[in-house]
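To convert a position in the sequence shown, counted from 1, into my numbering, add 102.
Glycine included, each C-beta is placed from N, C-alpha and C at the ideal position.
None of the values given here were measured: they were computed from a predicted structure.
Data block below; observations after.
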Amino acid sequence: GGMPSGVQKITLIPNPLDAYWRGYSLRKGNIAYIVVGHGANDNKNELIRHELLHLFANEFALPSKLIARHSPKQRKRLSRDGYQTARIMAKEYAVRGLELLYESMVLKKNTKQAVRREEKSFPYIKDAVQILAKQIKTGQSR
103 GGMPSGVQKI TLIPNPLDAY WRGYSLRKGN IAYIVVGHGA NDNKNELIRH
153 ELLHLFANEF ALPSKLIARH SPKQRKRLSR DGYQTARIMA KEYAVRGLEL
203 LYESMVLKKN TKQAVRREEK SFPYIKDAVQ ILAKQIKTGQ SR
C-alpha cells in the first residue's frame, strides 16, 4: 500500500543543529513529520527511510513474548540505547525488521551482514523479520 494509516501528508524537516545520524518521526492529525539531523544523506538516505518506517511500524504487531525473551543484561543494554519499554523495543524491532525486508525484497540486497550487525543489539531480529514477512504476505498486519 501507500501511506501509513491516517496519514495524508509527510513533511521532511532537515535539522542541521541536531546530532549526527539522529532522526525523529511524529504525527499531528493526518500529517506526519520526519525530522533528520545531518548525516541523513549518508548511506543512501537510510536515516530518512528508518524514520519513515517508524510511521509504518504501528501497522504491524510483534508478539510480546519476543521482547520477554531478552535477558536482564540485554534489556539493560537496549534501555541504555533509548529503548526503555517493551512497547518501544517492539516498535524498534518492527522498524529494523522492515528495513531488512525492504533491503532484501525491494533492493534485492544480500542482508546477511546487516542481520549480523542488528543481532548485536537486537538478538531476535531474525524472528521479527519472519513474523513481519508473514504479516506482509498474508496481509494480516493491524
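Looking at the DSSP output, R129 sits in a beta bridge with A134. By the Cβ neighbour-count rule, V208 is exposed, with fewer than 16 other Cβ atoms within 10 Å of its own.
Between Y195 and F224 a beta carbon distance of about 6 Å is seen, short of the 8 Å cut, so the two are scored as contacting. P116 carries a strand assignment under DSSP once its states are collapsed to helix, strand and coil. Look at K175 here: in three-state DSSP terms it is helix.
Taking all protein chains shown into account, L154 has 16 or more neighbouring C-beta atoms within 10 Å of its C-beta and is therefore buried.
Residue pairing from DSSP leaves K193 without any beta-bridge partner.
Bridge partners of K111 according to DSSP: I133. If you check the CB distance, A216 and L234 do not come in under 8 Å. Going by beta carbons, G184 and H152 fall outside the 8 Å limit. Within the stretch 147-173, the complete alpha helix (DSSP H) runs of at least 4 residues fall at 148-159 and 166-170.
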